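Take a look at the structure below.
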Amino acid sequence: MDVVTNKKEILDKVDKLIVMYKNGELGGEVMPEDVNPHFEKSSLENYLYFTLPMALNYQRNSYILWESALKTYTDEETRFVFDPKLCLEKPFEEVQHALIKYKVALQKQKQTEIWLTLCNTFIELFDGDIRKLFDSLDNDVDKIRRFIQKDNKKKFPYLSGTKICNYWLYVIYQYTDRKYKNIENLTVAPDTHVCKATHKLGLITDNEFNSSNVQQIVIDRWQELFKNTNYKPIDIHTPLWLWSRNGFKEIK
933 MDVVTNKKEI
943 LDKVDKLIVM
953 YKNGELGGEV
963 MPEDVNPHFE
973 KSSLENYLYF
983 TLPMALNYQR
993 NSYILWESAL
1003 KTYTDEETRF
1013 VFDPKLCLEK
1023 PFEEVQHALI
1033 KYKVALQKQK
1043 QTEIWLTLCN
1053 TFIELFDGDI
1063 RKLFDSLDND
1073 VDKIRRFIQK
1083 DNKKKFPYLS
1093 GTKICNYWLY
1103 VIYQYTDRKY
1113 KNIENLTVAP
1123 DTHVCKATHK
1133 LGLITDNEFN
1143 SSNVQQIVID
1153 RWQELFKNTN
1163 YKPIDIHTPL
1173 WLWSRNGFKE
1183 IK
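For the sequence shown, the numbering used here puts the final residue at 1184, and the numbers step up evenly by one.
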């Protein structure tokens, strides 16, 4: 499918969709991650808070996940899970209990293992300070993704996935003080809603939408569409997500 043939038409719809989003017509005055302890943006606590639960954000309601994360943080008995060093000092069962108490983890064995693997990675590679990951890679989106998704994939379970990695980088950009190089290379996070909305706009075909490779196709298509425009792929992520989640309101 040649995007160029209907590029102008789709970009026109994108313009209107972004205006609708900014006017609050797509809903989403409160996004899932808005439910948080409101740490200082630059603090380590803030970075860890928006990193660890992200790895468990797989095929589930994002609003409920982040509500669970806040309850877990607010409870003094379970708050320790957001501190990698403390987590690794506790027995597995205690970490597991803390993660399932408010349903941050839904798969108690597997997701506790994912959480502890990440804690171990943060201690081993960055002395527990995830901010050093960004600093050591010049805040460069391409270098960060390569480090997580290729060079150290096993050390970042789920966080290294196509959808989650991009979405995590987007959330870090939105909710911390981090500024990236190559921000235009931060792609849309191709979750179910973004894929559905991309299909609805006509940017992918029915066959592509049903293909096992749909996530990569969606990423590539938005990169291609926005070449030589004023848009970056991250500009469209939230409008697409809300448009799909709220039933594809008519674009006017």
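By construction, the Cβ of each residue, glycine as well, lies at the ideal position given by its N, Cα and C atoms. Source: prediction; values computed, not measured.
- Ile1055 and Lys1064 have their C-alpha atoms spaced approximately 11 angstroms apart.
- Across the structure, Glu1021 and Pro969 are spaced so that their CA atoms are roughly 24 angstroms apart.
- In this structure, the CA atom of Tyr1090 is about 32 angstroms from the CA atom of Ile942.
- In the three-state reduction of the DSSP assignment, Asp1123 falls in the coil class, being assigned neither a helical nor a strand state.
- Taking C-alpha positions only, Thr1044 is separated from Lys948 by approximately 43 angstroms.
- A direct Cα-to-Cα measurement between Met963 and Met952 gives close to 16 angstroms.
- By the CB criterion at 7 angstroms, Thr1108 and Tyr979 fall inside the cutoff.
- Selection Leu1048, Tyr1112, Asp1061 and Thr1049 evaluated against Arg1077 yields Tyr1112 as nearest (Cα-Cα).
- Counting the other Cβ atoms within 10 Å of the Cβ of Thr1130 gives 16 or more, which makes it buried.
- Taking the C-beta atoms as reference points, Cys1051 is found nearer than 7 angstroms to Pro1016.
- C-alpha of Leu1172 to C-alpha of Val1103: approximately 16 angstroms in a straight line.
- Asp1138: member of the alpha helix (DSSP H) spanning Asp1138 to Phe1141, first to last residue.
- By the Cβ rule, the region 954-961 does not count as touching the region 1129-1148, because fewer than three pairs are nearer than 8 angstroms.
- With respect to Ile1080, Pro1122 sits apart: the two C-beta atoms are not nearer than 7 angstroms.
- For Lys1113, DSSP records a beta bridge to Asp1072.
- With contacts defined as CB atoms closer than 7 angstroms, Val1036 and Glu999 fail to qualify as a contacting pair.
- Per DSSP, reduced to three states, the secondary structure at Pro1089 is coil, with no helix or strand assignment.
- Bounds of the alpha helix (DSSP H) holding Ser1000 are Ser994 to Thr1006.
- Contact between Phe1014 and Leu984 holds: CB atoms are separated by about 6 angstroms, below the 8 angstroms threshold.
- A check of alpha carbon separations from Glu1116 across Leu1101, His1125 and Phe1088 identifies Leu1101 as the nearest.
- Where Arg1153 is concerned, the enclosing alpha helix (DSSP H) starts and stops at Val1146 to Leu1157.
- Where Pro1171 is concerned, the enclosing alpha helix (DSSP H) starts and stops at Pro1165 to Arg1177.
- Separation of the CB atoms of Val946 and Tyr1163 is rounded to 7 angstroms, and the pair is thereby assigned contact status at 8 angstroms.
- Just so you know, the alpha carbons of Thr1119 and Tyr990 end up roughly 18 angstroms apart.
- For Asn955, there is no enclosing alpha helix (DSSP H), as DSSP marks it with neither H nor E.
- For Tyr1105, the secondary structure class from DSSP, reduced to helix, strand or coil, is helix.
- It is roughly 8 angstroms from the alpha-carbon of Tyr1005 to the alpha-carbon of Phe1012.
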